[in-house]
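Undergrad: First to last, the sequence lines map onto chains B and V. Oh and the first sequence: position 50 is 1134 in my numbering, straight run, nothing missing. Oh and the second sequence: position 73 is 1191 in my numbering, straight run, nothing missing. The C-beta atom is built at its ideal place from N, Cα and C for all residues, glycine as well.
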Amino acid sequence: MADQLLDVKGLNCPLPILKSKKALKDLPIGGTLQVVATDPGAVKDFEAFCRTTGNQLVESKVEGKVFSFLIKRTA
Amino acid sequence: MASEASNKPKSMSIIVTKGTLDWAYPPFILTTTAAAMGLDVTMFFTFYGLTLLKRNLDLKVTTLGNPAMKMPMMGMHMAMPNLLSAMPGAGSMATAMMKNLIKKKGVASIDELRQMAIDADVKMIACQMTMDLFEYKMEDLIEGPVLGGAATYIESAMNCDINLFI
């Protein structure tokens, strides 16, 4: 279970990333954020975002039309 | 010296030259995202791009001379012939349709993205020459932008990893 849940369903690029960044900033280092989104572009975007910022993309999965990402704040 | 250089965050600059509702998106989407990814970001607003710094945004879009802009009409996507695009009211209609689509598709508004850019400490430079040319006053603009010219931009671009012109 993540420390925080962020629902960005229905939002389009770049809002899922921007809102996630904001939510991550409020977490302590080591804290986890679960993001649920419906933007298919978010899959590649969260990978790039985590690679670039050094945060850890623990899990990326899709259930039907909902994409779910588990991010651990490491940076 | 080498370690100092590698510790420096990556950076990006964008020259913003267009001031229509559609063309306002690429610069603000890219700068807010780059800032979220930890980059230092600079935007240089010149010519029609300067309108994006106005306190009250009243952005419009036109289908005139833009055959690539196809709007949903009668169950399909159609480009509007230039002759119709030139009719009074056609621009307002296209703008209303675009704003409606933006809302429906969960796309951020330009006001929202601009505020996010400001909150993320994106550095904004307003072109002094354009201010003069179009007779803008400082009080017409939002708070935050600094005035500058080509040399100010070039100096900042020299140190950037990514430099874009939009």
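Answer yes or no: does any C-beta atom of chain V fall closer than 9 angstroms to that of ILE1101/B?
TA: The sequence position of residue 1101/B within the first sequence is 17, counting from 1. Yes, because at least one Cβ of chain V sits closer than 9 angstroms to the Cβ of ILE1101/B.
Undergrad: Is ASN1218/V helix, strand or coil by DSSP?
TA: By one-based count along the second sequence, residue 1218/V stands at place 100. In this structure, ASN1218/V counts as helix in the three-state DSSP scheme.
Undergrad: Against chain V, with Cβ distances strictly below 9 angstroms, would GLN1126/B count as a contact?
TA: Within the first sequence, the letter at position 42 stands for residue 1126/B. Correcting the residue type first, residue 1126/B is Ala in the shown sequence and not Gln. For ALA1126/B, the answer is no, since every Cβ of chain V falls outside 9 angstroms of its Cβ.
Undergrad: Where SER1129/V and CYS1278/V are concerned, what is the direct C-alpha to C-alpha distance, given to the nearest angstrom?
TA: What you label residue 1129/V is simply residue 11 of the second sequence in a count that begins at 1. What you label residue 1278/V is simply residue 160 of the second sequence in a count that begins at 1. Each residue's Cα considered, the two are about 5 angstroms apart.
Undergrad: In angstroms with no decimal places, state the Cα-to-Cα distance between ASP1176/V and VAL1142/B.
TA: For this step, residue 1176/V is matched to residue 58 along the second sequence. For this step, residue 1142/B is matched to residue 58 along the first sequence. Cα-Cα distance, rounded: 42 angstroms.
Undergrad: Does SER1210/V pass the burial test, meaning 16 or more other C-beta atoms within 10 Å, or should it be called exposed?
TA: Here residue 1210/V refers to the residue found at position 92 of the second sequence. Under this definition SER1210/V is an exposed residue.
Undergrad: For the segment 1153 to 1179 of chain V, list the beta strand (DSSP E) runs that are entirely contained and at least 3 residues long, ordered along the chain.
TA: DSSP runs (the beta strand (DSSP E)) wholly in the segment 1153 to 1179 of chain V: 1158 to 1163.
Undergrad: I believe ILE1101/B touches ALA1154/V by the beta-carbon criterion, under 8 angstroms. Please report the beta-carbon distance rounded to the nearest angstrom.
TA: The residue labelled residue 1101/B in the question sits at position 17 within the first sequence. The residue labelled residue 1154/V in the question sits at position 36 within the second sequence. Between ALA1154/V and ILE1101/B the Cβ distance is about 6 angstroms, and since that is below 8 angstroms, they are a contact.
Undergrad: Of all the CB atoms in chain V, is at least one closer than 9 angstroms to the CB of PRO1098/B?
TA: Here residue 1098/B corresponds to residue number 14 of the first sequence, with the count starting at 1. True, the Cβ-Cβ gap to chain V drops below 9 angstroms.
Undergrad: Only counting the same chain, and skipping five residues up and downstream in sequence, which positions put a Cβ closer than 6 angstroms to that of MET1249/V?
TA: Indexing the second sequence from 1 puts residue 1249/V at position 131. If we look at MET1249/V and ignore the five residues flanking it on each side, it has no Cβ neighbours.
Undergrad: Go ahead and pull the three-state DSSP assignment for MET1191/V.
TA: Residue mapping note: residue 1191/V aligns to position 73 of the second sequence, counting from 1. Strand, per DSSP.
Undergrad: List, in order along the chain, the chain V residues whose C-beta lies closer than 7 angstroms to that of PHE1133/B?
TA: For the purposes of this step, residue 1133/B is taken as residue 49 along the first sequence, with counting starting at 1. Result: MET1155.
Undergrad: I need the boundaries of the alpha helix (DSSP H) containing ASN1281/V, first residue and last residue.
TA: In the second sequence, counting from the first residue as 1, residue 1281/V sits at position 163. Run containing ASN1281/V: none in the alpha helix (DSSP H); it sits in the beta strand (DSSP E), 1280 to 1283.
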